[in-house]
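Notes to accompany the following structure.
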Amino acid sequence: MPTQFSGGCACGAIRYQCAAPPLAMYNCHCQSCQQAGGGAFAPLIVVAAQSLDVRGTPKRFFTQAIADSHSERCFCGECGSPLFALGERTPDVVLVHASSLDEPDWFKPVADIWTVSALPWANMDRHIPKVFKSPPLLEPEGEVTL
18 MPTQFSGGCA CGAIRYQCAA PPLAMYNCHC QSCQQAGGGA FAPLIVVAAQ
68 SLDVRGTPKR FFTQAIADSH SERCFCGECG SPLFALGERT PDVVLVHASS
118 LDEPDWFKPV ADIWTVSALP WANMDRHIPK VFKSPPLLEP EGEVTL
């Protein structure tokens with residue numbers, strides 16, 4: 018796993034660099050991720066918000082998310098590439114879409130999360146844990162929903 022990494026949108030209007038290694042990597046099956054990514058789940062990298070440097074101005078979309086999982090979506094207003102997800106209850110972390118990485122080969126999810134919303138036709142990796150809702154890392158202190 019890299020100690021720092023970079024990425025951006027398909028057209029290059031938005032670029033980011035992360036100066037710290039990921040806190041975790043998940044395949045998120047919540048409905049918000051399904052809609053934002055246009056697939057059965059979104060591969061996401063959890064990073065400390067203060068370690069992410071973004072160049073360019075992403076468009077933001079706010080949604081009423083279940084249990085406030087990912088209430089803000091950031092994407093490129095030019096090409097539409099999904100870039101980040103943020104939760105109101107967890108402002109210290111940013112979820113980076115793995116598809117936006119310059120070198121996505123190192124992405125290795127540690128769990129499938131929000132499997133309560135998983136589509137019946139989604140093929141999940143049987144070798145990683147399944148979390149019913151949010152993992153502890155994405156829950157405010159003291160509010161774990163597994």
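Heads up: the sequence shown runs through residues 18 to 163, numbered per our numbering. Note that the Cβ used here is the ideal one computed from N, Cα and C, for glycine as well.
Candidates the options: which alpha carbon is nearest residue i's?
i           : options            : result
residue 130 : 43, 94 and 39      : 43
residue 23  : 51, 61, 70 and 40  : 70
residue 41  : 64, 34 and 52      : 64
residue 38  : 140, 19, 72 and 61 : 19
residue 108 : 135, 46 and 66     : 66
residue 95  : 73, 47, 150 and 46 : 73
residue 106 : 88, 113 and 122    : 88
residue 36  : 21, 49 and 152     : 21
residue 123 : 49, 48 and 60      : 60
Less than 8 Å between the CB atoms is what I'm expecting for residue i and residue j, so what's the real figure, rounded?
i          : j           : result
residue 77 : residue 91  : 6 Å
residue 75 : residue 31  : 5 Å
residue 62 : residue 113 : 4 Å
What's the call for residue i, buried or exposed, on a 16-neighbour Cβ count within 10 Å?
i           : result
residue 144 : exposed
residue 137 : exposed
residue 52  : exposed
Using C-beta distances below 6 Å, list every residue in its chain close to residue i, excluding the 5 sequence neighbours before and after it, in chain order.
i          : result
residue 57 : 136 and 139
Excluding the 5 residues preceding and the 5 following residue i in the sequence, name in chain order all residues of the same chain whose CB lies nearer than 7 Å to its CB.
i           : result
residue 159 : For residue 159, the pLDDT reaches just 42, beneath the cut-off of 50, and the residue's location in the model is therefore unreliable, although a value from the coordinates is still provided. So the list is empty, once near-sequence residues are dropped.
residue 132 : 46, 147, 148 and 149
residue 14  : In the structure displayed, the chain extends from 18 to 163; residue 14 sits before or after that span and is not available.
residue 111 : 64, 66, 69, 101 and 103
Margin query: Quick check: the segment 27 to 44 against the segment 115 to 128, are at least 3 beta-carbon pairs closer than 8 Å?
Written below: yes
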